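To start, the structure itself, in structure tokens.
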Amino acid sequence: MNQNLATRILASLVIGLVLGSAIQLFASSDGFLQTYLVGGLFHAGGSIFVGMIKLLVVPLIFISIVNAVCNLEDVGQFGRLGFKTFGLYLINTVVAITAAIGLAMVVQPGIGANLGLADESLTLSRTSLPNLLDMVIAVVPTKGALSI
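Under the numbering used here, the first residue of the sequence shown carries the number 17, and numbering increases by one thereafter.
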């Protein structure tokens, strides 16, 4: 009973994988499990969880940087640490931009897309109100909530 945390997390992941696979295999697409459990409870819980994780990213990084700066023994280390951090940031940015441009050149998104003006015969229609589940999920902001 006194297992370490890593073992319990791994066991929980395996149990979740097995249960999720069983629900997907044996539940009909319009049945109770699929409609209310997977499409309702699990979808809402998962979306809220991911939104809350996104909310924690910026404060976690800020606190980590402040902690690292406070633990410096020599003030001279601060300049070297700042230079290394800025250099790694620039290298990461260059690699990300290069990868994005390379992938865009290979995939060529937008080729063959009809980018002309909208058809004149189109009319505006009313949008429907969001359901209660979407409103509950929208309570937790997902982007732009915290910025430094």
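We treat Cβ as the ideally placed atom computed from N, Cα and C, and that holds for glycine. Here the structure is a predicted model, which is why all the values come from computation and not from measurement.
Nearest-angstrom Cα separation, counted from residue j out to residue i
| i | j | result |
| --- | --- | --- |
| Gly-67 | Thr-158 | 5 Å |
| Leu-49 | Leu-26 | 25 Å |
| Ser-163 | Ala-22 | The predicted position of Ser-163 is uncertain, since its pLDDT is 49 and thus under 50; a value taken from the coordinates is nonetheless stated next. If I take the Cα positions, the gap works out to 32 Å. |
| Phe-47 | Ile-107 | Residue identity check: residue 47 is Gly in the sequence provided, not Phe. Taking the straight line joining both Cα atoms gives about 51 Å. |
| Ile-117 | Ile-127 | 15 Å |
| Ser-80 | Phe-94 | 15 Å |
| Ala-120 | Val-111 | 14 Å |
| Glu-89 | Val-73 | 27 Å |
| Arg-142 | Ala-43 | 35 Å |
| Ala-60 | Tyr-52 | 10 Å |
| Pro-125 | Val-91 | 49 Å |
| Leu-78 | Phe-99 | As written in the sequence, residue 78 is Phe, which differs from the Leu given in the question. Going by the C-alpha atoms only, they are around 17 Å apart. |
| Val-30 | Ile-69 | 22 Å |
| Ala-129 | Leu-140 | 22 Å |
Selection from the options that minimises the alpha carbon distance to residue i
| i | options | result |
| --- | --- | --- |
| Thr-101 | Ala-84, Thr-114, Ala-116, Phe-42 | Ala-84 |
| Gly-32 | Val-74, Leu-148, Phe-58, Pro-146 | Phe-58 |
| Asn-147 | Val-34, Gly-56, Ala-129, Ile-39 | Gly-56 |
key: Three CB pairs or more closer than 8 Å across the segment 139-158 and the segment 55-73   = yes
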